[in-house]
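Okay, structure first, notes after.
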Amino acid sequence: MSKVILITGASTGLGESIATYLVQRGHTVYGTSRQTDLSDKPFRMLTMDVDSADSIQKAVERILTQEKRIDVLINNAGLGIAYPVELLSLDDVQRVFDTNVMGIIRMVQAVLPSMRQQRSGLLINISSIAAEAGLPYRGAYSASKAAVERLTEALRLELAPFGIQACSIQPGGTRTDINKNRLRASLPEGNAYKATFERTYELIDQSVSEGIDPAVFGPLVEKIINSAQAARLYRVGKRIEKLSVLLKQILPTAIYERMIRNHYEM
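When we follow this note's numbering, the leftmost residue of the sequence shown carries the number 275, and every step to the right adds one.
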């Protein structure tokens, strides 16, 4: 059955891949982006900024005016950051949380009134396997994605009486343009963190450039949409990424932390 689907951050990467697949499967798909010239997409694009409640409200009202409903909201827009916690710019941290966390809250607040009225709906929040661990030099990013997981858990409980479901998808390293858009800065020579940060950043870039194909997420999202009951969490990544989550749960902390430090040559 065709659904009206709204997906944020759909101009490139994971969002574009999911939106393209879903429109090919017969769904009515609206993607959003801060960019304005996006006429080349096979799905409908709206200019919208998840950091702006006014921008969100205008886009949501436009869809509701045209389609009369929104069945699925996919919160995909996100921003990466990599830097030692000690040296983080608080302005950069604010930007990351404003997009990755507050952006989801703004979107949910704009869409839920109509979903409650129609007594149905599905929220899919794109999180990250990084939500499961405080990874070195990705503390702010990991924290923002952990917040997404807790928000999703709360939404599942709050919305169940209205027939609305919520879940999260945790991608591992995925071949997208997140490397290009990630917030970072070069450390000066002689900085105490420089050597390990540079090695770690190379591994972060590598995990994306050699990551899984974003095309795997479209069929997964359609499966979730067609499910009678969405699971709380869908984790998608390489075997080693999934194994690292399990090892954190079962290994003594000292052993797990030594394993992570060895991996990053810290």
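We treat Cβ as the ideally placed atom computed from N, Cα and C, and that holds for glycine.
Quantities reported herein were computed from a predicted structural model and do not represent experimental measurements.
Taking the beta strand (DSSP E) that A440 belongs to, which residues open and close that run?
Along the sequence shown, read from residue 1 onward, the residue named residue 440 stands at position 166. Start and end: I438 to P445.
Using the Cα positions of L361 and M389, report the straight-line distance between them to the nearest angstrom.
Looking up residue 361 in the sequence shown gives position 87. Looking up residue 389 in the sequence shown gives position 115. Cα to Cα, the separation comes out at about 42 angstroms.
Helix, strand or coil for R308? Go by DSSP, reduced to three states.
As a position in the sequence shown, residue 308 is number 34, starting the count at 1. Residue state, collapsed to three classes: coil.
Starting from N399, trace the alpha helix (DSSP H) in both directions and tell me its first and last residue.
The residue you call residue 399 lines up with position 125 of the sequence shown. No alpha helix (DSSP H) contains N399, which is instead part of the beta strand (DSSP E) from G395 to I400.
Mapping the DSSP letters down to three states, classify V382 as helix, strand or coil.
One-based indexing of the sequence shown puts residue 382 at position 108. Of the three classes helix, strand and coil, the one that applies to V382 here is helix, per DSSP.
Cross-strand partners of R473 (DSSP beta bridge)
In the sequence shown, counting from the first residue as 1, residue 473 sits at position 199. According to DSSP, which records beta bridges pairwise, R473 is partnered with nothing at all.
Mind checking which residues open and close the alpha helix (DSSP H) that includes N500?
In the sequence shown, residue 500 corresponds to position 226, counting from 1. From DSSP, the alpha helix (DSSP H) with N500 extends over F491 to N500.
Using CA coordinates, which residue listed in Y304, R458 and A505 is at the minimum distance from D365?
Here residue 365 is taken as the residue at index 91 of the sequence shown, counted from 1. Looking at the Cα atoms, R458 is the closest of the given residues.
Along the chain, where does the alpha helix (DSSP H) containing T426 start, and where does it finish?
Residue 426 sits at position 152 when you count from the first residue of the sequence shown. G413 to L433 is the span of the alpha helix (DSSP H), which, as asked, contains T426.
Below 8 angstroms between beta carbons: does that hold for E341 and V297?
Along the sequence shown, one-based indexing puts residue 341 at 67. Along the sequence shown, one-based indexing puts residue 297 at 23. No.
Measure the CB-CB distance between N350 and T282 and report whether it falls below 8 angstroms.
Counting from one through the sequence shown, the residue named residue 350 turns up at place 76. Counting from one through the sequence shown, the residue named residue 282 turns up at place 8. Yes, the Cβ-Cβ distance between N350 and T282 is below 8 angstroms.
Classification of M381 by the beta-carbon crowding that lies within 10 angstroms, buried from 16 upward:
Within the sequence shown, numbered from 1, the residue matching residue 381 stands at position 107. With 16 or more other Cβ atoms within 10 Å, it is buried.
So the beta strand (DSSP E) Y508 belongs to, where does it begin and stop?
In the sequence shown, residue 508 corresponds to position 234, counting from 1. Y508 -> beta strand (DSSP E) spans L507 to V510.
For M319, the three-state DSSP class (helix, strand or coil)
For the purposes of this step, residue 319 is taken as the residue at position 45 of the sequence shown. In this structure, M319 counts as strand in the three-state DSSP scheme.
Is the segment 372–381 in contact with the segment 522–540, if contact means three or more CB pairs nearer than 8 angstroms?
no
Considering K521, what are the terminal residues of the alpha helix (DSSP H) in which it resides?
Locating residue 521 in the sequence shown gives position 247, where the first residue counts as 1. Per the sequence presented here, residue 521 reads as Leu, with Lys not at that position. R513 to I524 is the extent of the alpha helix (DSSP H) around L521.
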